[in-house]
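Student: Once you know that position 18 of the sequence shown is 58 in the numbering used here, the rest is easy, because the numbers rise by one and skip nothing.
My questions all concern the structure below.
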Amino acid sequence: MFILLGIISILGQVVLLRELTTLFYGSEMFYGFSLALWLLFTGLGSLWAGKQSLSKKSRIIFLITLSLLLPLLIIGLRWFIGHLVYFGQLPTPRQSFLALVLSLFIFCFPLGAAFPLLLGRLKQKTKVNLAYFKETIGFALGGLIFSLVLATTTFPLTDQLNRLSLSWRYPDLISHLNSRYNQIIVTQSQDQQAFFLNGRLSFTSAETLNTNQLLSLLVPWSKELDSALVLGNPNLARQLQSQFINQLDYLQTDPQLLELEKPLLGNSVTPVAGDLRRFLKLTPRFWDLIISSLGNPETLLTNRYYTRENFLVLKKHLTPGGVAAVIFSLPTDYQSQEALRFAASIFQAFNSTFPHTRLLAHQGQIILLGSQDSLQLYPHLLPPASRQLLELTVNDPQNQIITQALQLIKVPANTDLNPSAFFYQQLFFQTIFSFKFPQLLSQISFILPFILIFLFYLLLRQSSSRRRLGWLTAMSGFIFISLVVLTIFLFQIKIGYLYQQLSLILASALTGMALGVKLKSSAKTFSQLSWFGYLILILVLALSLSTGLVQFSWYWFVFVFLVGLNAGCIYAQLNQLYLQRSAHLSFIYSFDLFGGSLGALLTTSFILPVYGVAGLLVSLTAVILLASATHPE
41 MFILLGIISI LGQVVLLREL TTLFYGSEMF YGFSLALWLL FTGLGSLWAG
91 KQSLSKKSRI IFLITLSLLL PLLIIGLRWF IGHLVYFGQL PTPRQSFLAL
141 VLSLFIFCFP LGAAFPLLLG RLKQKTKVNL AYFKETIGFA LGGLIFSLVL
191 ATTTFPLTDQ LNRLSLSWRY PDLISHLNSR YNQIIVTQSQ DQQAFFLNGR
241 LSFTSAETLN TNQLLSLLVP WSKELDSALV LGNPNLARQL QSQFINQLDY
291 LQTDPQLLEL EKPLLGNSVT PVAGDLRRFL KLTPRFWDLI ISSLGNPETL
341 LTNRYYTREN FLVLKKHLTP GGVAAVIFSL PTDYQSQEAL RFAASIFQAF
391 NSTFPHTRLL AHQGQIILLG SQDSLQLYPH LLPPASRQLL ELTVNDPQNQ
441 IITQALQLIK VPANTDLNPS AFFYQQLFFQ TIFSFKFPQL LSQISFILPF
491 ILIFLFYLLL RQSSSRRRLG WLTAMSGFIF ISLVVLTIFL FQIKIGYLYQ
541 QLSLILASAL TGMALGVKLK SSAKTFSQLS WFGYLILILV LALSLSTGLV
591 QFSWYWFVFV FLVGLNAGCI YAQLNQLYLQ RSAHLSFIYS FDLFGGSLGA
641 LLTTSFILPV YGVAGLLVSL TAVILLASAT HPE
């Protein structure tokens, strides 16, 4: 039964996390928030059911009911959002939070109660670790099944029911699929198609006017325009090829999305499927113009194309005199502090890469132009009507005002390991609904890790030996889940197809934890050296980030497996010590979940966005040293 519980748990976790993320903004930060609430509500359910028991027949009925709850929740969520907001409209943060809390509580509270209820009133306390081991084996099996078989299907719904429930949110739905990278939704209203990626509108098939205006501002900066590479905007690629150039390549990371985009590209554009950095590392080609028009970095998948590392790759593949152009949205008449920080993080990364840069503001969009040579205009490439728009835009005083504002503001440049633009984009988006919350978030972010470490110190020093075991377990859970969240973020940054492989990452972590519990389930004492396993893993990660190892998906599966192994060893030892003096079987289990919940929440919303990967690793090191200096008894 515990193996089945583990399978139900991991399948429910991955399906719900993906569904919630696609319903609300598509941001990977929702993975962290959802994981935090998941662990919190599971812990509450476990704590509540700690002294309850069920008959064998009731346990079977309970598991069947729990498994049927998942598809009902998916259908209910889609109905709720479809009737809450209009088509194309995004839920407000308050609406999102309400739906997130309710849906996760409905599933996770009984899921958390399941473990102690299935345990019943065990006479042999040593069986608790064995039950935990079996549950985590179920996690691993479920993760493998989902990643290898179910990730690109409509599970847990049939195709017909999936289409019907999606049509509540997308009333003009004509196509839907799950690729390695995205949930792709296509709608059609009259002759216009709209493409939604992970819940957000990406582009439409009819953007001719805006596209032609953008081309008028991009083309005249290249003296010779014989070749071009376009990322992310098929309309821009088609218009550029048909009006100005013969040889044009269009790059799309997602092969299945590229198949849907091909009719928009026409027959003369060369479509290329693949990751930009891998593609450019392998090709010897150079281009006169490279245009990146991927929308704002609202996800880590998109943010990786707005980092200093990516701009360096673009620069290496420009011809002499070639120009790179990066386009993103920003209010051009008035900018809040959050909007300025967001734009400045990209601007400073771009400015530090190219010797010569220029900023143009046009109708709520920022165009960054960069070259290794000085930027000069060649307006003769344009028709007369377009030259007038070019002159008005280039001479607009708002260009200089925004440029100076972005130069003066102090923010970290956007990089792979410090995705500041991604974080500031989330705050910038929140200002649409409220200015107070983003400002509060910005103010408390910088002191939160210090408050956290001080709080752990007080709890360890002033608690009884029984509660000290609980707090040490919570600290291990905090470290474990923080490293899992970090792995999720870095996998998306370095590899990209988290949408498909999320279950395998979680399964690897939990398989390691199962093995750790098994290895240490008979331990009578606690080894302080167990904490240093975390330190070794943090050191290995820090050293390997500058190597090519992190470009391979297997590296992340092995790393998170070892993190889980160490966490399992610590959990089993602390649990055995606790069971020697108390009969409350779910006490340590609940503390483990609460600590993990705190780790997911703080890592996602504060530590990683504000301090980057290095700051998170330093914070975790401080927590490890504090825990290792505390004797559990």
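In this text, a Cβ means the ideal position worked out from N, Cα and C, and glycines have one as well.
1. According to DSSP, is Ser86 helix, strand or coil?
2. Grouping DSSP H, G and I as helix and E and B as strand, with all else coil, what is Gln375?
3. Tell me whether the stretch 360 to 372 and the stretch 418 to 427 touch, counting them as touching only if at least three CB pairs, one residue from each stretch, are closer than 8 Å.
4. Using the Cβ count rule (16 or more neighbours within 10 Å means buried), how would you classify Thr198?
5. Taking C-beta to C-beta, are Leu648 and Leu656 nearer than 9 Å?
6. Which residues does DSSP pair with Pro131 in a beta bridge?
7. If you run the structure through DSSP and keep just helix, strand and coil, what is Phe326?
8. Starting from Asp289, follow its DSSP beta bridges and name the residues at the other end.
9. With the cut-off set at 9 Å, would you say Leu421 and Leu254 are in Cβ contact?
10. Can you name the residues that DSSP bridges to Leu237?
11. Mind checking which residues open and close the beta strand (DSSP E) that includes Phe368?
12. Taking only the alpha-carbon atoms, compute the straight-line gap between Ile406 and Gln279 and give it to the nearest angstrom.
13. How would you label Val580, buried or exposed, when you count the other beta carbons within 10 angstroms and need 16 or more for buried?
14. Rounded to a whole number of angstroms, what is the C-alpha to C-alpha distance between Gln232 and Gly636?
15. Enumerate in chain order the residues of its own chain whose CB-to-CB distance from Phe70 is below 7 Å, with the five nearest sequence positions on each side excluded.
16. Can you list, in chain order, the residues of its chain whose CB lies under 7 Å from that of Ala669, leaving out five sequence neighbours each side?
17. Which of the three DSSP states is assigned to Val663 in this structure?
18. Hey, how far is the Cα of Phe631 from the Cα of Trp594?
19. For Gln281, does the count of other Cβ atoms within 10 angstroms reach 16, so buried, or fall short, so exposed?
20. Going along the chain, which residues of its own chain have a beta-carbon closer than 8 Å to the beta-carbon of Ser414, five neighbours each way excluded?
21. Would you mind reading off the limits of the alpha helix (DSSP H) that contains His123?
22. Could you check how far apart the C-beta atoms of Phe634 and Ala514 are, in whole angstroms? I think they sit under 8 Å.
23. Does DSSP put Gln616 in a helix, a strand or coil?
24. So which of Gly128, Ile146, Ile121 has the shortest CA-CA distance to Ser136?
25. Looking at the secondary structure, which residues open and close the alpha helix (DSSP H) in which Gly507 lies?
26. So which of Arg506, Ala154, Gln53 has the shortest CA-CA distance to Gln84?
27. In whole angstroms, what separates the C-alpha of Ala667 from that of Trp596?
28. In whole angstroms, what separates the C-alpha of Phe145 from that of Gln375?
29. Suppose the cutoff is 6 Å on Cβ atoms and the five residues either side in sequence are ignored; what does the same chain contact list for Leu204 look like?
30. Since I believe Asp456 is in contact with Arg317 (beta carbons under 8 Å), could you give me their beta-carbon distance rounded to a whole number of angstroms?
31. Reducing DSSP to helix, strand and coil, say where Lys163 ends up.
32. Would you mind reading off the limits of the beta strand (DSSP E) that contains Gly410?
33. Identify, in the order they occur along the chain, each residue of the same chain with its Cβ nearer than 7 Å to the Cβ of Leu665, setting aside the five sequence neighbours on each side.
34. If I measure Cβ to Cβ from Gly306 and keep anything under 8 Å in the same chain, skipping five residues before and after, which residues do I get?
35. Classify Ile47 as buried or exposed, calling it buried when 16 or more other Cβ atoms lie within 10 Å of its own Cβ.
36. With a threshold of 8 Å on Cβ separation, who are the neighbours of Leu660 within its own chain once the five nearest residues in sequence on each side are excluded?
Tutor: Judging by the given coordinates:
1. Here residue 86 is taken as the residue at index 46 of the sequence shown, counted from 1. Note: Ser86 maps to helix in three-state DSSP.
2. As a working note, residue 375 is residue 335 in the sequence shown. Coil.
3. no
4. Position 158 of the sequence shown holds residue 198. With fewer than 16 Cβ atoms within 10 Å of its Cβ, Thr198 is classed as exposed.
5. Position 608 of the sequence shown holds residue 648. Position 616 of the sequence shown holds residue 656. Yes, the Cβ-Cβ distance between Leu648 and Leu656 is below 9 Å.
6. As a first step, residue 131 must be located in the sequence shown, where it is residue number 91. Paired residues: none, contrary to the question.
7. Residue numbering aside, residue 326 sits at position 286 when the sequence shown is read from its first letter. In the structure shown, Phe326 sits in coil (DSSP, three-state: anything other than H, G, I, E or B).
8. For this step, residue 289 is matched to residue 249 along the sequence shown. Paired residue(s): Leu269, Thr310.
9. For the purposes of this step, residue 421 is taken as the residue at position 381 of the sequence shown. For the purposes of this step, residue 254 is taken as the residue at position 214 of the sequence shown. Their beta carbons are not under 9 Å apart, which means Leu421 does not touch Leu254 by this criterion.
10. Counting from one through the sequence shown, the residue named residue 237 turns up at place 197. The partner list for Leu237 (beta bridge, DSSP) reads Ile224, Arg240.
11. Position 328 of the sequence shown, counting from 1, holds the residue named residue 368. Here the beta strand (DSSP E) through Phe368 covers 358 to 369.
12. Reading the sequence shown from its first residue, position 366 is the one you call residue 406. Reading the sequence shown from its first residue, position 239 is the one you call residue 279. About 20 Å.
13. Position 540 of the sequence shown holds residue 580. Exposed: under 16 other Cβ atoms inside 10 Å.
14. On the sequence shown, residue 232 is found 192 positions in, with the first residue counted as 1. On the sequence shown, residue 636 is found 596 positions in, with the first residue counted as 1. One C-alpha to the other measures close to 46 Å.
15. Here residue 70 is taken as the residue at index 30 of the sequence shown, counted from 1. Cβ within range, chain order: Leu60, Thr61, Phe64.
16. Along the sequence shown, one-based indexing puts residue 669 at 629. Nothing listed; no residue qualifies.
17. As a first step, residue 663 is located in the sequence shown; it is residue number 623 there, counting from the start. Helix, per DSSP.
18. Residue 631 sits at position 591 when you count from the first residue of the sequence shown. Residue 594 sits at position 554 when you count from the first residue of the sequence shown. Using only the alpha carbons, I get a separation of about 31 Å.
19. Reading the sequence shown from its first residue, position 241 is the one you call residue 281. Looking at its Cβ environment, which holds 16 or more other Cβ atoms inside 10 Å, Gln281 is buried.
20. Counting from one through the sequence shown, the residue named residue 414 turns up at place 374. Excluding positions up to five away in sequence, the list reads His396.
21. Residue mapping note: residue 123 aligns to position 83 of the sequence shown, counting from 1. Here the alpha helix (DSSP H) through His123 covers 96 to 124.
22. On the sequence shown, position 594 is the one that residue 634 refers to. On the sequence shown, position 474 is the one that residue 514 refers to. Between Ala514 and Phe634 the Cβ distance is about 6 Å, and since that is below 8 Å, they are a contact.
23. Here the question's residue 616 lines up with position 576 in the sequence shown. Note: Gln616 maps to helix in three-state DSSP.
24. Against the sequence shown, residue 136 aligns to sequence position 96. Nearest C-alpha to Ser136: Ile121.
25. The residue you call residue 507 lines up with position 467 of the sequence shown. It is Arg, not Gly, that sits at residue 507 in the sequence shown. Where Arg507 is concerned, the enclosing alpha helix (DSSP H) stretches over 505 to 534.
26. Numbered from its first residue, the sequence shown carries residue 84 at position 44. It is Leu, not Gln, that sits at residue 84 in the sequence shown. If we check each option's Cα against that of Leu84, Ala154 comes out closest.
27. Your numbering for residue 667 matches position 627 in the sequence shown. Your numbering for residue 596 matches position 556 in the sequence shown. Going by the C-alpha atoms only, they are around 26 Å apart.
28. Taking the sequence shown and counting its residues from 1, one reaches residue 145 at position 105. Taking the sequence shown and counting its residues from 1, one reaches residue 375 at position 335. Cα to Cα, Phe145 sits roughly 38 Å from Gln375.
29. Here the question's residue 204 lines up with position 164 in the sequence shown. Excluding residues within five positions, none has a Cβ falling inside 6 Å.
30. Within the sequence shown, the letter at position 277 stands for residue 317. Within the sequence shown, the letter at position 416 stands for residue 456. Not a contact, Cβ separation roughly 10 Å.
31. Translated into positions along the sequence shown, residue 163 becomes position 123. Residue confidence is low: Lys163 scores 48 on pLDDT, short of 50, so the model does not pin down where it sits. No coordinate-derived value is stated.
32. What you label residue 410 is simply residue 370 of the sequence shown in a count that begins at 1. Taken as a continuous stretch (DSSP letters only), the beta strand (DSSP E) holding Gly410 covers 405 to 411.
33. If you number the sequence shown from 1, residue 665 lands on position 625. If we look at Leu665 and ignore the five residues flanking it on each side, it has no Cβ neighbours.
34. Walking along the sequence shown from the start, residue 306 turns up at place 266. Around Gly306: Arg278, Gln281, Ser282.
35. Here residue 47 is taken as the residue at index 7 of the sequence shown, counted from 1. Buried, because 16 or more other Cβ atoms sit within 10 Å of the Cβ of Ile47.
36. Residue mapping note: residue 660 aligns to position 620 of the sequence shown, counting from 1. Closer than 8 Å at the Cβ level, and outside the excluded window around Leu660, lie Ile519, Ser522, Leu523, Tyr574, Ile578.
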